[in-house]
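Chains as they are written, first to last, in our numbering: chain Y, 268 to 544; chain C, 14 to 305. Every residue, glycine too, gets a C-beta built ideally from N, C-alpha and C. In what follows, a structure is listed as structure tokens, so that the remarks can point back to it.
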């Protein structure tokens with residue numbers, strides 16, 4: 268117990284409290300109420316950053332819900348070895364999380380080397396790299412990268428949840444004349460609800476924190492992508508370029524609140540985590 | 014019957030299409046370093062070049078900024094291994110204490126652990142930066158290792174394991190035999206926790222290895238970068254994606270094959286961990302949640 272408590276306090280609790288303290292004070296440490304929040308809200312980059320992040324998160328969540336649930340249902344009921352192979356293939360890109368995945372996708376989005384150059388041409392209308400990362404495409408591109416690295420894990424989780432459905436329940440439904448689609452919609456989907464809710468809340472909270480992807484793409488974009496594309500990037504720029512730690516803290520607190528609300532919802536409502544015996 | 018065959022065909026086609034989406038970029042990445050920068054554009058994306066080009070790409074990559082690439086890999090190993098070691102030393106006894114002990118504040122510590130575990134890591138990066146900045150720890154390797162070492166998920170896994178899989182009678186037996194609390198933990202509980210130690214090691218190692226945001230924010234000297242931030246540094250020094258670098262790229266000789274090789278090397282350790290612990294890692298996503 269002893270060595271863990273200081274870590275929990277110093278890197279779990281204290282940063283949050285310190286950020287709160289900074290967010291409600293000025294450089295001199297004087298109490299300023301919500302001034303920093305209002306000030307950063309009125310920053311011309313604030314709303315667009317949050318809008319970007321929101322669009323990205325919605326696209327990503329939509330893809331996760333439709334494809335993860337769909338693919339898990341498709342995999343369920345396949346011969347075991349076929350299904351295991353597919354699950355492994357879907358899951359493998361998870362090893363490339365973080366900056367490596369973004370680099371891989373920079374290549375994939377560069378029509379000159381990408382194996383999908385015909386898709387880039389027909390779907391995005393892009394013949395050169397700069398057109399691929401046009402501002403309107405970015406939320407979709409980031410959502411795709413996040414989906415590419417993370418969806419496989421969720422598919423495996425959903426598949427696991429599906430396997431808990433008692434076999435005789437499915438059998439009974441079949442005898443009652445339910446086809447595979449009816450069984451999927453009426454029986455399997457409701458039993459996955461808890462896991463889907465968990466995935467949605469967790470991904471929503473994670474999605475709003477987006478930083479790595481836009482930060483790296485911005486480096487490769489020749490000034491095309493602003494360095495304050497996402498909310499976390501804006502906070503980072505406030506702290507690093509303008510040394511406005513109070514403003515950065517205010518945005519960090521905004522984001523932290525989203526994460527906290529999500530976490531508390533999951534812990535208290537989902538029943539997936541054990542907090543007592 | 015015919016309808017079923019068609020249904021099966023549709024199912025398999027959809028699955029195969031997604032498999033291509035997930036795997037094609039990985040295959041491309043593995044093949045890319047075998048080709049020259051020019052061949053990457055002219056030859057078919059999935060063709061194999063030759064090993065000579067891999068060696069050449071490595072030569073250029075290794076020469077970049079006087080062997081800094083090796084340094085980045087070394088740094089990453091150092092950060093990930095030392096943080097994971099602290100995670101284990103601090104986390105496993107903590108999980109044990111939370112599961113076995115009855116002390117005031119236990120529920121509070123447990124709830125805090127859970128909440129911090131689920132709050133996305135990125136939400137805490139800037140607050141941690143602001144805090145470290147206030148105590149002037151920025152730029153030290155401790156500013157990466159210590160926050161990495163705080164790994165509530167590991168504590169929760171250990172807690173869950175001790176709370177569900179360890180029979181209390183075993184501990185009582187040890188105590189009757191004259192073991193003190195510390196000895197009971199070291200002699201009985203710890204040896205039983207081998208699977209959980211392995212699990213926590215994997216999760217913590219992978220999370221630390223892949224982390225970009227925190228080291229990016231708290232480290233200033235490129236000699237201290239882990240490989241994730243190193244890749245970004247490499248990207249910003251090549252004209253391949255960053256025309257601003259212009260002629261500078263010619264002198265550093267970092268082009269697409271070198272960049273692909275660097276990315277590949279950067280993910281190999283994690284890919285190996287993934288291959289060997291697929292099932293275990295999946296349990297991590299479920300957050301060690303209630304039995305499936």
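On the three-state DSSP scale, how would you describe residue i?
i, result
"residue 305 of chain C", "The pLDDT assigned to residue 305 of chain C is 31, lower than 50, so where the model puts this residue is not dependable, and the model offers no usable value."
"residue 496 of chain Y", "coil"
"residue 280 of chain Y", "helix"
"residue 416 of chain Y", "helix"
"residue 251 of chain C", "coil"
"residue 63 of chain C", "coil"
"residue 428 of chain Y", "helix"
"residue 478 of chain Y", "coil"
"residue 508 of chain Y", "coil"
"residue 39 of chain C", "helix"
"residue 503 of chain Y", "helix"
"residue 380 of chain Y", "coil"
"residue 115 of chain C", "coil"
"residue 287 of chain C", "helix"
"residue 487 of chain Y", "coil"
"residue 48 of chain C", "coil"
"residue 266 of chain C", "coil"
"residue 275 of chain Y", "helix"
"residue 83 of chain C", "helix"
"residue 124 of chain C", "helix"
"residue 58 of chain C", "coil"
"residue 343 of chain Y", "coil"
"residue 16 of chain C", "helix"
"residue 392 of chain Y", "coil"
"residue 77 of chain C", "coil"
"residue 457 of chain Y", "helix"
"residue 403 of chain Y", "helix"
"residue 92 of chain C", "helix"
"residue 539 of chain Y", "coil"
Take residue i and list the residues in its own chain whose beta-carbon comes closer than 6 Å to its own, dropping the five residues that flank it on each side.
i, result
"residue 123 of chain C", "111"
"residue 496 of chain Y", "319 and 481"
"residue 53 of chain C", "269"
"residue 86 of chain C", "240"
"residue 428 of chain Y", "459 and 462"
"residue 357 of chain Y", "419 and 422"
Taking 9 Å as the cut-off, decide whether the C-beta atoms of residue i and residue j are in contact.
i, j, result
"residue 253 of chain C", "residue 272 of chain C", "yes"
"residue 213 of chain C", "residue 170 of chain C", "yes"
"residue 298 of chain Y", "residue 414 of chain Y", "no"
"residue 222 of chain C", "residue 165 of chain C", "no"
"residue 104 of chain C", "residue 167 of chain C", "yes"
"residue 522 of chain Y", "residue 486 of chain Y", "no"
"residue 492 of chain Y", "residue 378 of chain Y", "no"
"residue 394 of chain Y", "residue 405 of chain Y", "no"
"residue 344 of chain Y", "residue 447 of chain Y", "yes"
"residue 206 of chain C", "residue 109 of chain C", "yes"
"residue 279 of chain Y", "residue 129 of chain C", "yes"
"residue 369 of chain Y", "residue 483 of chain Y", "yes"
"residue 517 of chain Y", "residue 289 of chain Y", "yes"
"residue 527 of chain Y", "residue 162 of chain C", "no"
"residue 155 of chain C", "residue 530 of chain Y", "no"
"residue 11 of chain C", "residue 42 of chain C", "With chain C running from 14 to 305 in the structure shown, residue 11 of chain C is simply not present."
"residue 464 of chain Y", "residue 453 of chain Y", "no"
"residue 81 of chain C", "residue 236 of chain C", "yes"
"residue 248 of chain C", "residue 499 of chain Y", "no"
"residue 292 of chain Y", "residue 514 of chain Y", "no"
"residue 359 of chain Y", "residue 39 of chain C", "yes"
Cutting at 8 Å between CB atoms, please list the residues of its own chain near residue i, excluding the five before and the five after it.
i, result
"residue 68 of chain C", "none"
"residue 76 of chain C", "266"
"residue 361 of chain Y", "416, 417, 419 and 420"
"residue 450 of chain Y", "437, 440 and 441"
"residue 64 of chain C", "47"
"residue 3 of chain C", "Residue coverage of chain C in this structure runs from 14 to 305, which leaves residue 3 of chain C outside it and unanswerable."
"residue 193 of chain C", "none"
Per DSSP, what are the beta-bridge partners of residue i in this structure?
i, result
"residue 298 of chain Y", "Y/292"
Can you list, in chain order, the residues of its chain whose CB lies under 7 Å from that of residue i, leaving out five sequence neighbours each side?
i, result
"residue 287 of chain Y", "520"
"residue 219 of chain C", "283 and 286"
"residue 365 of chain Y", "479"
"residue 61 of chain C", "44 and 47"
Query - Segments of 4+ residues assigned as alpha helix (DSSP H) that fall wholly inside the stretch 146 to 230 of chain C - result: 155 to 162, 165 to 178, 181 to 189 and 207 to 223
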